[in-house]
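Heads up: the sequence shown at position 321 corresponds to 326 in this note's numbering, and the numbers run straight through without jumps.
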Amino acid sequence: MEKYKVGILGATGTVGQKFITLLENHPWFDVTVLAASSNSSGKKFKDAVNKKWAEEKTLPAKYENITVLDVEKDVEKIAGEVDFVFCALGCEKEKIKKIEEMYAKLECPVISNNSANRMSGDVPMIIPEINADHLDIIPHQMSRLGTKKGFIAVKSNCSIQCYVPAIHAAFENAVKDVLVCTYQAISGAGRTFKTWPEMVDNIIPYISGEEEKSEIEPLKIWGKIENGKINLNKNINITSQCVRVPVSNGHTAAVFVSFEKKISPSEFIKKLENFKVHEKSKDLPSSPKKFIHYFADEDRPQIKLDRNLEKGMGVSVGRVREDKQYDIKFICMSHNTVRGAAGGAILLAEMLCREGYIYK
Ligand code: NAP
C-alpha cells in the first residue's frame, strides 16, 4: 500500500518529537514534512531540535537532514505536498485557530492536539474508543469552511484521557456528579527535569486553563450532534483540581462519581473488565489490544509500572471503592504524551483514513 504523506506542525516540540518517534515505522503514514516556527525554519531538523530532543530514543536518522519549513510562510507548499498534517503547535490559541483553518481551507485535513478548536461546535473532539460517531459532524464543518476534503478533527486534553474512559464504562447508569483531582506530569507542559529543575521535589498547585478544560471537555465527548453541531451533555456536573507533580510522563487522576442509577464497586469493576470499545476504533495499527486495564492490587496503577501499557495507549484503573459522599471512587492513569497526545492523534488519523475522511 502506498503510504499517506504526513506533515507535523510543531515538529520540534515535545509532542512533535513524540509524533516523530511513534511514526518512524508506521505501516500507513510516512512523515515527509517537518514544520515549526520561523526560529527553526530553514535549518536541518537535527540542528533545529538539537538540545530540545527529549525522547529516550535517539532521533531517527531519516529525519535528521530534512529542512524544517515555516508553519505559516510555507503553508501552501506544505498543504500541497502532504495528505494531512498533525498539529502540535505551542503558541497563542487565536493564532493556532487561524493556522489550522488555513490548512483545512487549502484542502489539507488537520488532526490536532491543540485546544484552539476543541470547543468549536462543528469540530469533532474524539477519543476513538468512545465517541467515534462524532465523525458525522465533519460534513457540516466542511460546508462551513467551503471545502471538499479539508477539515479539522481534534483529540481532547491529556488530563481527561484516563478518567473519561473509566467513567464511560458505566455510562448507561447515567453519570451525575464527578469530582476529579489530577496529578499531571511535567512533559504535559512540554518540559523535562533538565529544563524545569524547580519541579524536582516539588508540587505546583496550578496549571493554567487545565481545570476549565477538565470540566468541560468530557461534556463534549459525551455530547450529541444536533442541528449541525455537537451539543454538550449538560446532565453531568464535573468539578476538578489539577496539580503539577514531579513525574516525567503519565497523568494520574483521583476520581469520585455518582450516578442516577447507583452502582456498587463490584458492578463497576465488572463494567471496566467488559468495556466495549467503539467498533470503528478496532484493529487499527495503533489500537491497544485491551483499552482499559483494571488492577485489583491496592498499590496500582503506578506511573513507572503502568504508563507504558499497550505501548502507552492503555488506560489503567485501580482502587475502586465505595465512597461516603459519592457512589464510588477510584484512581486511574494514562500516558500523557502517547494516549494523551501524539498516540491518541495517530489513532484518530488512522480511523479517519479507514472511514474515508482522509484520502490520497
Ligand atoms: P512545545 O514543546 O512548547 O512545542 C511547541 C512547538 O510549536 C514547537 O515546534 C515550536 O517551534 C512551535 N511554535 C511555537 N510558537 C510558534 C509560532 N509562533 N509559530 C509557529 N510555531 C510555533 O509544546 P508541546 O508540549 O509539544 O505542546 C504542543 C501543543 O500540544 C500545545 O498546545 C499543548 O497544549 C498540546 N498538548 C500537549 C500535551 C503534552 O503532554 N505535552 C498533551 C496534549 C496536548 P520552535 O521550536 O521553532 O519554536
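The C-beta atom is built at its ideal place from N, Cα and C for all residues, glycine as well.
Residue burial classification, residue i (beta-carbon count within 10 angstroms, cutoff 16)
| i | result |
| --- | --- |
| Y364 | exposed |
| Q146 | buried |
| C96 | exposed |
| A93 | buried |
| D311 | buried |
| M356 | buried |
| N118 | buried |
| K98 | exposed |
| P114 | buried |
| A66 | exposed |
| R344 | buried |
| D141 | exposed |
| D127 | buried |
| Q330 | exposed |
| S213 | exposed |
| P133 | buried |
| M269 | In the sequence under discussion, the amino acid at residue 269 is Ser, which differs from the Met named in the question. Counting Cβ neighbours within 10 Å, S269 comes out exposed, since fewer than 16 surround it. |
| K266 | exposed |
| T244 | exposed |
| S161 | buried |
| A40 | buried |
| K199 | exposed |
| G233 | exposed |
| E231 | exposed |
| S286 | buried |
| E315 | buried |
| K218 | buried |
| N236 | exposed |
| G151 | exposed |
| S291 | buried |
Inter-residue CB distance, residue i and residue j (contact presumed, cutoff 8 Å)
| i | j | result |
| --- | --- | --- |
| S45 | V73 | 5 Å |
| V260 | V185 | 5 Å |
| D75 | S43 | 5 Å |
| I165 | V262 | With a Cβ gap of about 14 Å, I165 and V262 do not count as contacting. |
| T19 | T342 | 6 Å |
| A354 | I104 | No, A354 and I104 are not in contact; Cβ-Cβ is about 18 Å, not under 8 Å. |
| P306 | M338 | 4 Å |
| F264 | A347 | Between A347 and F264 the Cβ distance is about 33 Å, and since that is not below 8 Å, they are no contact. |
| G12 | V90 | 4 Å |
| E77 | L111 | The Cβ separation is near 12 Å, so there is no contact. |
| F300 | F280 | The Cβ separation is near 14 Å, so there is no contact. |
| K276 | A175 | 5 Å |
| I351 | L28 | 7 Å |
| K49 | E69 | 7 Å |
| V183 | I143 | About 29 Å separates the two Cβ atoms, so there is no contact after all. |
| K10 | W33 | Contact flag wrong, Cβ pair sits at about 11 Å. |
| A121 | I101 | 4 Å |
| Q22 | A59 | 6 Å |
| I157 | A194 | With 8 Å as the limit, I157 and A194 do not qualify as a contact, their Cβ atoms being about 24 Å apart. |
Contact the stretch 186-194 vs the stretch 248-255: 3+ CB pairs below 8 Å: yes
Runs of alpha helix (DSSP H) lying entirely within the stretch 94-126, each at least 4 residues, in chain order: 98-110
Cβ contact (3+ pairs, closer than 8 Å) linking the stretch 316-333 and the stretch 160-172: yes
Beta strand (DSSP E) segments (min. 3 residues) lying fully within the stretch 239-323: 242-249, 256-264 and 297-300
contact_flag[the stretch 126-137, the stretch 341-361] where n(CB pairs < 8 Å) is 3 or more: yes
Inside the stretch 6-53 only - beta strand (DSSP E) runs reaching at least 3 residues: 9-14 and 34-41
Any 3 or more C-beta pairs closer than 8 Å across the stretch 207-220 and the stretch 240-249: yes
Ranges of the alpha helix (DSSP H) found wholly within the stretch 181-220, counting only runs of at least 4: none
Uninterrupted beta strand (DSSP E) stretches inside the stretch 123-185 (no shorter than 3 residues): 157-159
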